[in-house]
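See below for the structure under consideration.
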Amino acid sequence: MGCIVDTIAYPSNVSHANYSAMYGQSLVKIQIRRSLSVYGALLEPDPTREYKWVISGFEDEMREIRERVGSLAAGTKVLMLYSHGNGETLDCLKEYLLDMAAALTIPVFAYDYEGYGMSGGSSGEKHARRDVEKVYAYLRRTYPEHRLVLAGRSIGSVTTAHMLHLLTHKRRYRDDLLKGVVLGAIIQSGLASALNIVCVPRCNTQCDCLKNFDKFTSCPIPILFLHGLYDSLVPSRNSLLLADYYIKANSPRCYKEYHQFIRRVNFTVVSDGLGVLIRVERCTLILVGGADHNNFDALAPDYVYGSIFDFIVNNGNVQGTGYGRFIQTYNNGAASAIDSDRQALMRAVL
18 MGCIVDTIAY
28 PSNVSHANYS
38 AMYGQSLVKI
48 QIRRSLSVYG
58 ALLEPDPTRE
68 YKWVISGFED
78 EMREIRERVG
88 SLAAGTKVLM
98 LYSHGNGETL
108 DCLKEYLLDM
118 AAALTIPVFA
128 YDYEGYGMSG
138 GSSGEKHARR
148 DVEKVYAYLR
158 RTYPEHRLVL
168 AGRSIGSVTT
178 AHMLHLLTHK
188 RRYRDDLLKG
198 VVLGAIIQSG
208 LASALNIVCV
218 PRCNTQCDCL
228 KNFDKFTSCP
238 IPILFLHGLY
248 DSLVPSRNSL
258 LLADYYIKAN
268 SPRCYKEYHQ
278 FIRRVNFTVV
288 SDGLGVLIRV
298 ERCTLILVGG
308 ADHNNFDALA
318 PDYVYGSIFD
328 FIVNNGNVQG
338 TGYGRFIQTY
348 NNGAASAIDS
358 DRQALMRAVL
């Protein structure tokens, strides 16, 4: 099954355009092995940037969010390692990445997997996992003073979850884990596994692959899950399942009460553009009503990026106050509402 899934999850017919002129000196070549390299680019935040993609039309709201949330502690340097979706390459992502860097006020490093863009080799899950390890090592060597935020969208959740697993289970990453090098992880529209994209598996079948859900055991790193409730490509149950596994493994004292609560929630009645915020210790889950797989940023950019900024500034602890239309349905066992949207809360929790 793995070979079949590889051809779908990591297609070979993506753009192979040469984008060296587009990125200039920000483009770097990272060696994977003797005759194989992948390409990545560091996008610095530009406070004067006119947004072209994310936050466009919401500049004032984002500015107010940053004022309310605050800023990174003096002397703290943070860099995001971004793993993109399976139909994207650096060729089409530059404006998006520049917008994201400006909105979050931190540099963003993105890279192309093997077989994507200018990167050599052939695409596939095994190769993508190898790529992110080399990119992570490059960032640690090149920017040793920076804390890292691991972020993955869609299929990028596979490489992000892989790095989380290495950090918590492999000895060579132990120092990074103990020193708090990784501030947190952000998984947007992530998948729990290949089978969970197309159906609800009745058991942990051996023929499943792209299994992210088993990567979160004994993980002290804070995680922010973001998903659209109307996602038709990777259904939102995937993020619910990922959060469930994370909470069960890392917050066992909260799990029973949380699990009982989540089974009573009817997410189908959440209005378009309304955000559902669920927090259990180091795990935060945000679900956006009406949002599909690829319009997540456009539908609610202020609190999608507001919550990411909140997550980064507060060391993985999303406060969620003062921005967006959130229903805070769960917070370590205490049900409450943010922005006084109690009527919507009653509609969502049955």
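So the sequence shown is numbered by the numbering used here: it starts at 18 and just counts up by one. Glycine included, C-beta positions come from ideal geometry on N, C-alpha and C.
Taking only beta-carbon positions, decide if residue i is within less than 8 Å of chain B.
{"i": "G87", "result": "In summary, chain B is missing from the structure at hand, where a single protein chain is found."}
From residue i to residue j, what does the alpha carbon distance come to, in whole angstroms?
{"i": "S174", "j": "L208", "result": "7 Å"}
{"i": "Y190", "j": "C236", "result": "13 Å"}
{"i": "C271", "j": "V31", "result": "43 Å"}
{"i": "S171", "j": "Q205", "result": "6 Å"}
{"i": "P239", "j": "K151", "result": "23 Å"}
{"i": "E81", "j": "D319", "result": "10 Å"}
{"i": "L98", "j": "E105", "result": "16 Å"}
{"i": "L165", "j": "H179", "result": "15 Å"}
{"i": "L200", "j": "N332", "result": "6 Å"}
{"i": "A87", "j": "G197", "result": "Checking the sequence, you will find Gly at residue 87 rather than Ala. Answer to the nearest angstrom: the Cα atoms are 21 Å apart."}
{"i": "L294", "j": "A317", "result": "13 Å"}
{"i": "R66", "j": "K273", "result": "46 Å"}
{"i": "T176", "j": "Y153", "result": "11 Å"}
{"i": "Q336", "j": "E298", "result": "12 Å"}
{"i": "A34", "j": "G132", "result": "12 Å"}
{"i": "L184", "j": "R147", "result": "14 Å"}
{"i": "G74", "j": "R83", "result": "16 Å"}
{"i": "D193", "j": "V286", "result": "42 Å"}
{"i": "F326", "j": "R188", "result": "31 Å"}
{"i": "L291", "j": "R51", "result": "50 Å"}
{"i": "D289", "j": "H163", "result": "37 Å"}
{"i": "L44", "j": "A38", "result": "9 Å"}
Closest to residue i by CA distance: which of the options is it?
{"i": "G323", "options": "G104, H33 and T122", "result": "T122"}
{"i": "A127", "options": "Y40, S52 and H144", "result": "Y40"}
{"i": "Y155", "options": "I49, A90, M117 and L304", "result": "I49"}
{"i": "L250", "options": "T285, A308 and F278", "result": "A308"}
{"i": "A266", "options": "C300, W70 and G292", "result": "C300"}
{"i": "R158", "options": "Y247, D231, A145 and I47", "result": "I47"}
According to the Cβ coordinates, are residue i and residue j closer than 8 Å?
{"i": "Y68", "j": "E61", "result": "no"}
{"i": "G245", "j": "F313", "result": "yes"}
{"i": "N103", "j": "P28", "result": "yes"}
{"i": "S268", "j": "L302", "result": "no"}
{"i": "Y56", "j": "D108", "result": "no"}
{"i": "Y263", "j": "F233", "result": "yes"}
{"i": "I72", "j": "A118", "result": "no"}
{"i": "S100", "j": "A202", "result": "no"}
{"i": "Y36", "j": "W70", "result": "no"}
{"i": "R281", "j": "N348", "result": "no"}
Compute every distance between the C-beta of residue i and the non-hydrogen atoms of the ligand MG, then say whether any falls below 7 Å.
{"i": "F126", "result": "The ligand MG is not part of the structure shown, which contains no ligands of any sort."}
So what does residue i bridge to, in DSSP terms?
{"i": "H186", "result": "Answer is none; H186 lacks a bridge partner."}
{"i": "F126", "result": "L59 and L98"}
{"i": "N348", "result": "R296"}
{"i": "I47", "result": "V55"}
{"i": "Q205", "result": "R170 and L243"}
{"i": "I264", "result": "Looking at the DSSP assignment, I264 forms no beta bridge with any residue, so it has no partner."}
{"i": "L72", "result": "According to the sequence shown, residue 72 is Ile rather than Leu. Its beta-bridge partners do not exist; DSSP assigns none."}
Since residue i contacts residue j with CB under 8 Å, what's their CB separation in whole angstroms?
{"i": "P124", "j": "L96", "result": "5 Å"}
{"i": "L53", "j": "G134", "result": "So it is not a contact: roughly 14 Å between Cβ atoms."}
{"i": "F284", "j": "L304", "result": "6 Å"}
{"i": "F278", "j": "A260", "result": "Contact flag wrong, Cβ pair sits at about 12 Å."}
{"i": "D63", "j": "L110", "result": "Going by Cβ atoms, the distance from D63 to L110 rounds to 16 Å, so no, they are not a contact pair."}
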